[in-house]
Amino acid sequence: MYLKILPAAILLLALLACKNKTPHPQHAEQPSPDSAVAAGSYLPVRDFILGDVRLVDSFAGAILRKTDLAGRKDSGYVSPQQFREKINAFLPEVLDSARFARTFEEVSLMDETTRLLNFIYTARDTAETLRKVVVYIVPSLTIDQVETIYMEKAFRDQGQSVQQKLTWKMHQSCSILTIRYTGPETSVVTQEKLIWDPFHFAD
Numbered sequence: 231m232y233l234k235i236l237p238a239a240i241l242l243l244a245l246l247a248c249k250n251k252t253p254h255p256q257h258a259e260q261p262s263p264d265s266a267v268a269a270g271s272y273l274p275v276r277d278f279i280l281g282d283v284r285l286v287d288s289f290a291g292a293i294l295r296k297t298d299l300a301g302r303k304d305s306g307y308v309s310p311q312q313f314r315e316k317i318n319a320f321l322p323e324v325l326d327s328a329r330f331a332r333t334f335e336e337v338s339l340m341d342e343t344t345r346l347l348n349f350i351y352t353a354r355d356t357a358e359t360l361r362k363v364v365v366y367i368v369p370s371l372t373i374d375q376v377e378t379i380y381m382e383k384a385f386r387d388q389g390q391s392v393q394q395k396l397t398w399k400m401h402q403s404c405s406i407l408t409i410r411y412t413g414p415e416t417s418v419v420t421q422e423k424l425i426w427d428p429f430h431f432a433d
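According to the working numbering, numbering within the sequence shown proceeds without interruption in unit steps and concludes at 433.
Put into structure tokens, the structure is as follows:
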């Protein structure tokens, strides 16, 4: 169950508390998912994901790819280059800080069930390919941590409407759900999961 939009006084206190946190020296140069709300402004979603991609490049021995196309399941491994190409499709220039603030509206919510802070960004222009971004944050008195990033895209490809939904689990995996509408009442659904944490290969 969601609470209503956080009252201004509560949000102000939360942001002041976050601003008073001492940043870790290693994050001085670039935004980090371990200090997500510190800036008190639109979150650097693109930087969060790229930071995770760099970690994958540095230590991942293998990236497992699982697919489910209309019930037909398969699995294999992808190279870091293939991995980056897939992820770059969800990192358009509109996510750059200044343009992101102009193009998307932000709403902050606390989920009573999960106890996660939700920062919800919705495109002001429905013509945007990227329609929605949600950042789920584990709040803390010391360091806030980004747990999950969710994105929705909508576009046309070869005359067909396509919806894509990305769920990014920090330091673990990501999944891409693609719905391609082949007719007025027909569609093809593809689920693709990329896992770089071996502890989650069996998920």
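Glycine residues also receive a C-beta, built at the ideal position from the N, C-alpha and C atoms. On a predicted model such as this, the values are computed, not experimentally measured, just so you know.
Item to complete: Kindly give me the distance between the Cβ atoms of VAL392 and LEU360, rounded to whole angstroms, as I take these residues to be in contact under 8 Å.
Response: Indexing the sequence shown from 1 puts residue 392 at position 162. Indexing the sequence shown from 1 puts residue 360 at position 130. No, VAL392 and LEU360 are not in contact; Cβ-Cβ is about 13 Å, not under 8 Å.
Worksheet item: Where do the ends of the alpha helix (DSSP H) carrying ASP282 lie?
Response: By 1-based counting over the sequence shown, the position of residue 282 is 52. Residues 275-289.
Discussion item. With distance defined between alpha-carbon atoms, name the residue in ALA319, VAL364 and LEU321 nearest to GLU336.
Written reply: Here the question's residue 336 lines up with position 106 in the sequence shown. Nearest of ALA319, VAL364 and LEU321 to GLU336, Cα basis: VAL364.
Item to complete: Determine, using beta carbons only, whether ILE425 and VAL275 come nearer to each other than 8 Å.
Response: Here the question's residue 425 lines up with position 195 in the sequence shown. Here the question's residue 275 lines up with position 45 in the sequence shown. Contact: no.
Item to complete: Please go through the same chain and pick out, in chain order, the residues whose beta-carbon is closer than 8 Å to the beta-carbon of VAL171, but skip the five residues on each side of it.
Response: Because residue 171 is not part of the residues shown, which for the chain are 231 to 433, the question remains open.
Practice prompt. Below 8 Å on the Cβ atoms is my guess for GLU382 versus LYS362; work out the distance and round it to an integer in Å.
Written response: Walking along the sequence shown from the start, residue 382 turns up at place 152. Walking along the sequence shown from the start, residue 362 turns up at place 132. Right, the Cβ-Cβ distance comes to about 4 Å (below 8 Å), so this counts as a contact.
Worksheet entry | Buried/exposed call for GLY281, threshold 16 Cβ in 10 Å | As a first step, residue 281 is located in the sequence shown; it is residue number 51 there, counting from the start. Result: buried.
Practice prompt. Using DSSP bridges, identify the partner residues of TRP398.
Written response: Numbered from its first residue, the sequence shown carries residue 398 at position 168. Paired residues: ILE379 and CYS404.
Worksheet entry | Identity of the residue in PHE385, ARG345 and ALA353 nearest SER370 by Cα | Start at 1 with the first residue of the sequence shown, and residue 370 comes out as number 140. Ranked by Cα distance from SER370, the first of PHE385, ARG345 and ALA353 is ARG345.
Item to complete: Could you pull out every residue in the same chain whose Cβ sits closer than 6 Å to the Cβ of TYR351, ignoring the five residues on either side in sequence?
Response: For this step, residue 351 is matched to residue 121 along the sequence shown. Listed in chain order, the non-local C-beta contacts of TYR351 below 6 Å within the same chain comprise PHE334, GLU336 and VAL363, local neighbours out to five positions each way being set aside.
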